[in-house]
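Below: one structure, written as structure tokens.
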């Protein structure tokens, strides 16, 4: 797992070769850094090695009272602009595990069955 830490961002590209799925984790409670997350996500997605990768966004900390709804996260991350890519925003809680299996199941199914038409969803 690669974290959103500025010091290691230049190293991310070394992990992209043969990538079929990308899991991008954000703090759904952190509205101040959502634009930074959007910038980094779209920068990563310009990498040639990720051109066909399916994207799963885990919106963590859904259990907190100020967690952004999936629709807001989708808009803030400009995911609708990714019309050529399969993506899903899955609300999760790392402390309870809620949403983790659903997101991972979706990712596994979409990686193994690229021929279906389950594009662009928000959970």
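In the working numbering, the protein residues as written are 16 to 138. Virtual Cβ for every residue (Gly too), placed ideally from N, Cα, C.
Check whether residue i and residue j have beta carbons under 7 Å apart
i: residue 74; j: residue 88; result: yes
i: residue 43; j: residue 77; result: yes
i: residue 60; j: residue 103; result: no
i: residue 31; j: residue 65; result: yes
Beta-bridge partners of residue i, as assigned by DSSP
i: residue 69; result: 36
i: residue 42; result: 75
Span of the beta strand (DSSP E), counted from its first residue to its last, around residue i
i: residue 79; result: That residue, residue 79, is in no beta strand (DSSP E); it is neither H nor E in DSSP.
8 Å Cβ shell around residue i - same chain, five flanking residues per side excluded
i: residue 122; result: 36, 38, 69, 71, 103
i: residue 53; result: 91, 92, 93
Cβ-based burial, residue i [other Cβ within 10 Å; buried from 16]
i: residue 92; result: buried
i: residue 48; result: exposed
i: residue 95; result: exposed
Unbroken alpha helix (DSSP H) run spanning residue i, endpoints
i: residue 52; result: 49-60
i: residue 118; result: 115-127
Own chain, CB closer than 6 Å to residue i, minus 5 neighbours either side, in chain order
i: residue 81; result: 44
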